[in-house]
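**Student:** Following this message is one structure expressed as structure tokens.
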Amino acid sequence: RGLTRGITDFGEDTLTVSSDVLFDLGKATLKPAAKKALDNAAAIIHKEYSGRQIRIEGYTDPTPVKKAGWDDNWDLGAARARAVMLYLQTKGVKNMYIASFGATKLKSTKNLAVNRRVEIVIPRVEKDR
């Protein structure tokens, strides 16, 4: 539950975890249920992408977050990506870095919840092309 596979516009494999599984609204602390989805992600990474570089991307919706204590949505997105990266490190995943897209890549303007997500991206390498 909470983990979907996909491909970016650039042909990179992704594992996406919806934010409602990972975090409470406006927060960057992993919820207990998040660990099962992230454990599944770690298992996939170990099995299929061992030794590859991993990019953890944090996304938010456009709702202002100052009242929740964040400078902006990029700050919240980065904190969420970092929380996922730190958890995956405890599962032995290496070679990771984070990126925050805040609310710049919206999937929907009607259903804001689909914008709140963390994507685990496996960047393409030269031999993939």
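FYI, the numbering for the sequence shown is 2 to 130, going by this note's numbering.
Every residue gets a Cβ at the ideal spot worked out from N, C-alpha and C, and that includes glycine.
Small disclaimer: the values here were computed from a predicted structure and weren't measured.
Spell out the partners DSSP gives S101 in its beta bridges.
**Tutor:** G59
**Student:** Quick one, which of I123, L26, T9 has its alpha-carbon nearest L77's?
**Tutor:** L26
**Student:** For the putative contact between Y88 and R56, defined by C-beta atoms under 8 Å, what is the C-beta separation to the nearest angstrom?
**Tutor:** The Cβ separation is near 15 Å, so there is no contact.
**Student:** Cα separation between A43 and S109?
**Tutor:** 28 Å
**Student:** Look up G12 in the DSSP assignment and give the residues it is bridged to.
**Tutor:** Answer is none; G12 lacks a bridge partner.
**Student:** Leaving out five residues before and five after R125 in sequence, what residues of the same chain have Cβ atoms less than 8 Å from its Cβ?
**Tutor:** F11, G12, E13
**Student:** Span of the alpha helix (DSSP H) holding V85?
**Tutor:** Residues 74 to 91.
**Student:** Which residue from R6, N96, N112, V119 puts its Cα closest to that of G52?
**Tutor:** N96
**Student:** Under the DSSP definition of a beta bridge, which residues are partnered with R117?
**Tutor:** Looking at the DSSP assignment, R117 forms no beta bridge with any residue, so it has no partner.
**Student:** Mapping DSSP to helix, strand and coil, what is S51?
**Tutor:** When DSSP states are grouped into helix, strand and coil, S51 belongs to the coil group.
**Student:** Would V62 be called buried (16 or more neighbouring beta carbons within 10 Å of its own) or exposed?
**Tutor:** The sequence shown places Asp at residue 62, rather than the Val named in the question. The C-beta of D62 has 16 or more other C-beta atoms within 10 Å across all chains shown, which makes the residue buried.
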